[in-house]
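In our numbering, the protein residues as written are 10 to 267.
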C-alpha cells in the first residue's frame, strides 16, 4: 500500500499537457489518502507498547496547534517548536513518529492571511524535494542485486507484491472511482477519460519510498526484506512505465475503442 506521491506526480509532469490538471488532482488526492492509510496501519499494527504519558503530551500539543490555528496565530517558529515537541512525544510514546507528521500537517494554517514569504510549504519544499526525500529513498532502498536476487524473483512474496501493485491496486482504484461516479458521490471531470483514470491508477502502483519503509517494519527476516524491496522496485518501475504509456497514448486508445 501507499503511493509515492513524488515519483507518481513526477511521471505526470513528464507528460506535460497530455495530463490534465484534474487528473493530477485525482492522483494527488488518492495518493494522500493512500499514505494516510499506510501510516494508520503503521500506528495500529507496528506499535508494541504505548507510553500513555508521552502520547497524552503529544495529543495535547496537537490540540494546542489547532487552537493556535483557529485563533489566528501565523508565526512559523511557534508551529515549528511545538511540532518538534510533538514529534519527540510520539516517538517516545512507542507510536511511530511518522504518524505525528501527518497529524501536525493537518494543523498548519492554510489561509491567505499568511505572508507569502513566510509560507511553511514554500520554505520547506526545496529541503524536502532535494534533501530529505532523496536521503529517505536511498537509506530505505538498499536493494541487493547479487546472487540472491534471481531466487527472490520466484518467491511468493515477490510475486504477490508485484501482482498487488501492478494489477490489484489499479483495479481497486478504477473500481471505486467507477462506483463513486455511478452512485453520484463524484463526477468524472469533462477533460479526462476512463483511459486516463486507468493510467493514473497504474501510477498508484508506484509505491517506492513508503512501501519500502513499511517493509522494514513488517519483516525481520533479511531474505523477506530483500524479496519485498526487489518486488517494490520492479513493480514501481513497471507501474510507472505502463501508467505513462497509457496516459501518453490515451487519445489513440480511445479512438480505437470508439
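The beta carbon of each residue, even a glycine, is placed where N, CA and C say it ideally should be.
Shown here, residue 78 sits in a helix according to DSSP, grouped into three states.
By the criterion of a C-beta distance shorter than 6 Å, residue 200 is surrounded in its chain by 29 and 31, once the five residues flanking it on both sides are discounted. Here the alpha carbon of residue 162 sits roughly 52 Å from the alpha carbon of residue 79.
If you draw a 10 Å sphere on the C-beta of residue 196, you find fewer than 16 other C-beta atoms in it, and that means exposed. Contact check between the stretch 79-99 and the stretch 108-116: three or more CB pairs, one atom from each, fall below 8 Å, which counts as touching. With a beta-carbon spacing of about 12 Å, residue 213 and residue 47 fall beyond the 8 Å limit used to define contacts. Every alpha helix (DSSP H) of 4 residues or more that sits fully in the stretch 155-224 is shown, in chain order, as 156-161, 165-172, 178-191 and 203-212. Excluding its 5 nearest sequence neighbours in each direction, residue 228 has C-beta neighbours in its own chain below 7 Å: 234 and 237, listed in chain order. Annotation for residue 256: the continuous alpha helix (DSSP H) segment containing it runs 231-257.
Residue range 106-114 is occupied by the alpha helix (DSSP H) that includes residue 113.
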